[in-house]
Amino acid sequence: MKKIYTSVDIGSDTIKVVVCELFKNRLNLLAATSVKSSGIKKGVITDVEKASVSLRKAFEEIETMLGVKIKRVIASVPSYFAEYTYAEGTVEIINEEKVITGDDVIRCLHEGIKTKVKSNYEIITVIPIDFSIDGQEPVKNPKGLKGNSLSSRMILVTTPKKNVYSVVNLIESIGVSVEDISLNNIGDIYIYKNSNTESKLGVIINIGSEITTVSLYNKNIIVKSSIIGLGGKNVDNDLAYIYKISNEQATRIKEKFALGHKRYASLNDFYEVATKNKEVISINQFEASEIVMSRLEEILTLAKKEINLLTNKKIHYIIITGGMSNMAHLKYTVDDVFGKVATIGSIKVIGVRDNKYSSALGNIVYFIDKLKMRQKEYSMFSKEDAEEISSVKKGLLNITNDSMLGKVFGYFWSD
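Numbered per numbering that gives the first Met the number 0, the sequence shown finishes at 414, counting up by one with no gaps.
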């Protein structure tokens with residue numbers, strides 16, 4: 000069975016949709032698209048009708064690339080007021096052989112869900128920290144081992160219900176089923192985690208269009224997060240205000256001309272643009288980069304303060320991601336604020352080099368990880384659709400019950 004998965008990230012500036020295939024334990028991009036969004040403010044849906052139009056366009060583009068309809072997706076939901084709660088669960092091993100299976104793991108995690116959840120909150124996921132068999136030393140993967148009881152320490156991730164239902168209802172309104180939900184900051188750690196992060200305390204800073212999310216991870220497990228109300232659009236606004244140009248022109252200057260640090264910007268490289276008064280002006284790269292750098296310094300400095308509020312312990316790594324992290328020479332500004340502990344994220348998925356896709360891709364990785372835990376195989380495409388994709392993908396590769404828990408996680412929690 001071909002294992003193909005779709006993930007959607009509904010952002011303030013763009014809606015990102017990615018389709019990947021898991022082949023020989025490697026994730027390969029089949030298609031990706033990024034469509035300008037409307038009706039979304041600071042990651043929250045404010046106009047359902049406008050947002051629906053943008054979402055339909057994104058799906059139409061990706062379906063044209065693949066040659067098949069998208070019917071099922073993984074969806075990211077806003078992390079505003081997200082809570083990360085420590086929980087524990089213990090179950091008896093009931094099979095005669097006393098061999099721990101994926102179902103035992105799920106039953107154990109299910110015990111942790113019995114932790115009291117606020118009435119206006121929804122469970123997003125349960126992330127296991129470790130497992131213990133018969134009270135012995137902790138292990139990461141207990142499947143296949145023998146014992147009488149299985150215990151787990153875990154992090155229960157919850158968000159306000161409105162965060163979840165607004166996104167799920169929007170996606171399902173266009174005829175697409177939501178198979179799983181996640182948070183972007185969970186996706187981010189799953190796309191960037193490695194041997195250097197697995198035993199350490201670290202941070203991922205995702206600079207989006209209107210918000211910047213600062214997330215704290217301990218041994219690759221999210222434990223805290225906060226949101227700063229600034230992002231790439233503030234850079235656009237600065238350029239537009241200073242040069243009296245439209246925001247569209249400001250965005251082009253930011254993306255095509257300015258640098259993320261003034262150090263190597265040129266005084267002799269110019270960009271001609273018409274102001275709102277129809278006056279043609281020449282902007283040199285150094286000046287534009289200085290404006291961009293100033294705002295980026297502010298965002299990163301605020302992120303640094305948030306880190307200090309999230310923890311007083313030593314941070315071993317900081318990864319910068321999100322659309323703004325693609326900017327040339329941003330690393331110099333990052334070094335100025337954080338020193339050498341910080342790096343710009345680098346996605347390892349074949350066919351993807353744009354960090355704006357980090358969350359959507361990471362949520363696919365996390366979904367696959369949960370499937371492995373459940374000892375199940377699953378694809379979001381029928382055999383016929385998967386074969387149709389295979390017939391066209393050679394030219395596409397590298398183109399760019401009552402509760403929601405019961406509904407979305409039914410596949411994982413039921414036999």
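The beta carbon of each residue, even a glycine, is placed where N, CA and C say it ideally should be. Owing to the predicted nature of the structure, the values given are computational and were not obtained by experimental measurement.
Residue-level contact to chain B via CB, residue i, 7 Å cutoff
i	result
glutamate 383	Chain labels in this structure do not include chain B; a single protein chain is all it has.
The alpha helix (DSSP H) enclosing residue i, as first and last residue numbers
i	result
glutamate 60	47-65
threonine 300	284-309
tyrosine 191	183-191
asparagine 362	357-373
Best match in the options for proximity to residue i [C-alpha to C-alpha]
i	options	result
leucine 149	Thr89, Glu136, Tyr240, Gly101	Thr89
isoleucine 126	Lys49, Ile203, Tyr216	Tyr216
alanine 81	Ile221, Val104, Ser358	Ile221
glycine 231	Asn311, Ile306, Thr250	Thr250
valine 43	Gly207, Asp179, Leu295, Ile128	Gly207
alanine 341	Tyr83, Leu155, Ile203	Ile203
isoleucine 188	Gly338, Met292, Val364	Val364
aspartate 102	Asn140, Ala86, Leu21	Asn140
isoleucine 170	Asn307, Thr310, Leu182, Asp8	Asp8
lysine 212	Leu299, Phe285, Tyr242, Lys261	Note that residue 212 is threonine in the sequence shown here, rather than lysine. Looking at the Cα atoms, Leu299 is the closest of the given residues.
isoleucine 173	Arg55, Ser151, Asn184	Arg55
serine 37	Thr84, Leu301, Lys49	Lys49
isoleucine 280	Asn168, Glu297, Lys243	Lys243
Residues of its chain near residue i, where Cβ-Cβ distance is below 8 Å and the 5 sequence neighbours each way are ignored
i	result
leucine 144	Val98, Ile99, Ile132, Val138
asparagine 325	Asp353, Asn354, Lys355
tyrosine 120	Glu82, Thr157, Thr158, Pro159, Lys160
glutamate 62	Lys68, Ile69
alanine 327	Leu258, Gly259
Close Cβ partners of residue i (< 6 Å) along its chain, the five nearest in sequence each way excluded
i	result
aspartate 384	Val67
threonine 5	Val18, Ile69, Val72, Met379
asparagine 397	Its pLDDT being 40, under 50, asparagine 397 is placed unreliably in this model, and the value from its coordinates should be taken loosely. Gly350.
lysine 2	Leu21, Ser378
alanine 257	Ala287, Ser288, Val291
glutamate 387	Gly66, Val67
The beta strand (DSSP E) enclosing residue i, as first and last residue numbers
i	result
serine 151	148-159
serine 131	120-132
alanine 31	25-35
isoleucine 73	71-76
Collapsed DSSP secondary structure at residue i in the structure displayed
i	result
glycine 201	strand
valine 18	strand
glutamate 96	coil
serine 345	coil
lysine 1	coil
aspartate 8	strand
Contact set for residue i: own chain, Cβ-Cβ below 7 Å, skip 5 residues either direction
i	result
valine 116	Ile122, Thr157
isoleucine 306	Val202, Val213, Ile314
lysine 253	Val234, Asp235, Leu238, Val291
leucine 266	Asn283, Phe285
Identified DSSP bridge partners for residue i
i	result
leucine 215	Val202, Lys223
lysine 40	Val43
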